[in-house]
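Residue numbers (this note's numbering): 1200 to 1286. For every residue, glycine included, the Cβ atom is placed at its ideal position computed from N, Cα and C. Single-structure report; data block below.
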Amino acid sequence: CAWGESKVFASFQSHDEPRPLTARAKELQELRQFDQDWRYGPCTGISRLQQWERAAQHGLNPPQEIRYMLFSADTDYTHCLSSDYPL
């Protein structure tokens, strides 16, 4: 029965492994991290691009990769986590 037990264990192991993130999921994760990074200020009531531009204007050197993502066609990229909340 050792063979049967190891086969069952192997099937449980394969289901426990996390699936790799898609490119879009990785980008959304990076954008959420940008939203939550206190160095670039709050994003309440503004878009991510406005947050990025404000940070750049104040010399805070926000990541260029974030700016490039914000100009993609995906509308999920433009709104920060708190943008729906008015000031």
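Have a look at 1225, 1224, 1226, 1251 and flag the residue whose alpha-carbon is nearest the alpha-carbon of residue 1237.
-> Here residue 1237 corresponds to residue number 38 of the sequence shown, with the count starting at 1. Comparing Cα-Cα distances from residue 1237 to each of 1225, 1224, 1226, 1251, the minimum goes to 1251.
C-beta contact flag for residue 1230 and residue 1247 at 8 Å | Start at 1 with the first residue of the sequence shown, and residue 1230 comes out as number 31. Start at 1 with the first residue of the sequence shown, and residue 1247 comes out as number 48. Yes, Cβ-Cβ distance for residue 1230 and residue 1247 is below 8 Å.
Among 1228, 1256, 1274, nearest to residue 1240 - alpha-carbon criterion | Counted from its first residue, the sequence shown places residue 1240 at position 41. Answer by Cα proximity: 1256.
For residue 1235, the nearest candidate out of 1223, 1216, 1221, 1261 (CA to CA) | Taking the first residue of the sequence shown as position 1, residue 1235 is located at position 36. Ranking the options by Cα distance to residue 1235, first place goes to 1261.
The alpha helix (DSSP H) with residue 1267 in it runs from where to where?
-> Counted from its first residue, the sequence shown places residue 1267 at position 68. Its alpha helix (DSSP H) spans residues 1263 to 1269.
Who are the Cβ neighbours of residue 1254 in its own chain at under 8 Å, not counting the five residues just before and after it?
-> Reading the sequence shown from its first residue, position 55 is the one you call residue 1254. Counting only Cβ-Cβ distances below 8 Å, and skipping sequence neighbours, we find 1238, 1239, 1240, 1260, 1261.
Return the first residue and the last residue of the alpha helix (DSSP H) that residue 1226 is part of.
-> Taking the sequence shown and counting its residues from 1, the one referred to as residue 1226 is at position 27. Taken as a continuous stretch (DSSP letters only), the alpha helix (DSSP H) holding residue 1226 covers 1222 to 1235.
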